[in-house]
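J.: Dropping a structure here in structure tokens format, bear with me for questions.
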Amino acid sequence: MIRGFFSTVLTPWGDEKVVIQQVYQSARADEEVNALKLAYDFEKLGLNGLEAYAYYGQYDVPENAGSDFSEMNYSISYKFSGALSGLGLKARYATIDFDQGENFNDVRFYINYKFTLGH
């Protein structure tokens, strides 16, 4: 059994991030967050380099710190092999839904290329 300070995922001083999503992360004092991430590597289906995940977080924020909200993230990425080895593409989409206030979406695209300098 875990007791004391480590028995909860609350961050009383608001400095240790426990849940980090595309737009928000848990960082407010006395905030409670429940999150679930489902990820899949498509290699077993013969699609080497393709990965995806869905990540949901529900943020219960203290009344004096703002509105409760939820964030849903979707991500798909592909790492090339062969002649394009080192090249990776990623697309991410997030929906943020506030109990009070304006909701919004966030879309991001990434292009990565790994290479070595020198020998």
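For the sequence shown, this note's numbering begins at 61 and goes up steadily by one.
Where a beta carbon is used, it is the ideal one built from N, C-alpha and C, also for glycine.
None of the values given here were measured: they were computed from a predicted structure.
Quick check on the burial criterion: 16 or more other C-beta atoms within 10 angstroms. Buried or exposed for Tyr-173?
T.: So Tyr-173 ends up on the exposed side.
J.: So, Gly-161 versus Ser-127, is the Cβ gap smaller than 8 Å?
T.: Yes, these two residues count as a Cβ contact at 8 Å.
J.: Locate the beta strand (DSSP E) running through Gln-118, then write down its first and last residues.
T.: Note, Gln-118: beta strand (DSSP E), 110-120.
J.: Residues in the same chain with beta-carbon distance under 8 Å from Val-93, minus the five sequence neighbours each way, listed in chain order, please.
T.: Within the same chain, Val-93 has close Cβ partners Val-69, Val-78, Val-79, Ser-86, Gly-117, Gln-118, Tyr-119, Asp-120.
J.: Going by CA-CA distance only, name the one from Pro-122, Gly-109, Asn-163 that's closest to Asp-83.
T.: One point to set straight first is that residue 83 is Val, not Asp, in the sequence displayed. It is Asn-163 whose Cα lies nearest to the Cα of Val-83.
J.: Between Asn-108 and the rest of its own chain, which residues show a CB-CB distance below 6 Å, the 5 nearest in sequence each way excluded?
T.: Taken in chain order, the list of residues that qualify is empty.
J.: Put Asn-163 into one of helix, strand or coil per three-state DSSP.
T.: Of the three classes helix, strand and coil, the one that applies to Asn-163 here is coil, per DSSP.
J.: Indicate the three-state DSSP secondary structure (helix, strand or coil) for Leu-105 in the structure shown.
T.: Leu-105 falls in the helix class under three-state DSSP.
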